[in-house]
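Heads up, the thing below is written out as structure tokens.
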Amino acid sequence: MDGGPLRKRDSKEGESMFRMNRAEALGAARRLMRGFAGAPDPRRHAQQFHSVLVHAEGWSKPQQDLIVALGIWLAERPHVNDLKRRCEETLARLI
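Next up, the structure:
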């Protein structure tokens, strides 16, 4: 791999082999938000949004807490109509 947006790391048990930095994760999260309206499965789309954020490096402690809170909220299976709004709010607070 040429060191593009995803960099290979030493693989540890249960850890992804690829990580993004904060700026790359924000870009990927913005792209996911643009595709939210047309997503066939909004819950899965919200989980992908969360996954991009949670696997990125470089977040401050308050930002990490916000991302963890989003994950906890998603695990509670909120109403589908609330997913996009909460993801948008989270993204706005991370920028």
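Each residue of the sequence shown is one higher than the one before, counting from 275 in the working numbering. Every residue gets a Cβ at the ideal spot worked out from N, C-alpha and C, and that includes glycine. Predicted, not measured: the structure shown is a model, and the values here were computed from it.
Checklist entry - With arginine 304 and glycine 332 assumed to form a contact (beta carbons below 8 Å), what rounded beta-carbon distance in angstroms separates them? => result Actually they do not touch by this definition, with Cβ atoms about 16 Å apart.
Item to check | C-alpha gap between aspartate 315 and glutamine 321, whole angstroms | outcome: Straight across, the Cα-Cα distance linking aspartate 315 with glutamine 321 is about 10 Å.
Checklist entry - By DSSP, does glutamate 298 sit in helix, in strand, or in coil? => result The three-state secondary structure of glutamate 298, taken from DSSP, is helix.
Item to check | Span of the alpha helix (DSSP H), counted from its first residue to its last, around valine 349 | outcome: Per the sequence shown, residue 349 should be read as alanine rather than valine. Under the DSSP assignment, alanine 349 falls in the alpha helix (DSSP H) whose first and last residues are 335-349.
Next on the checklist: So, under 8 Å CB-CB, methionine 294 and leucine 365 are touching, yes? Tell me the CB distance rounded to an integer number of Å.
Outcome noted: Between methionine 294 and leucine 365, the beta carbon gap of about 15 Å keeps them out of contact (Cβ cut-off 8 Å).
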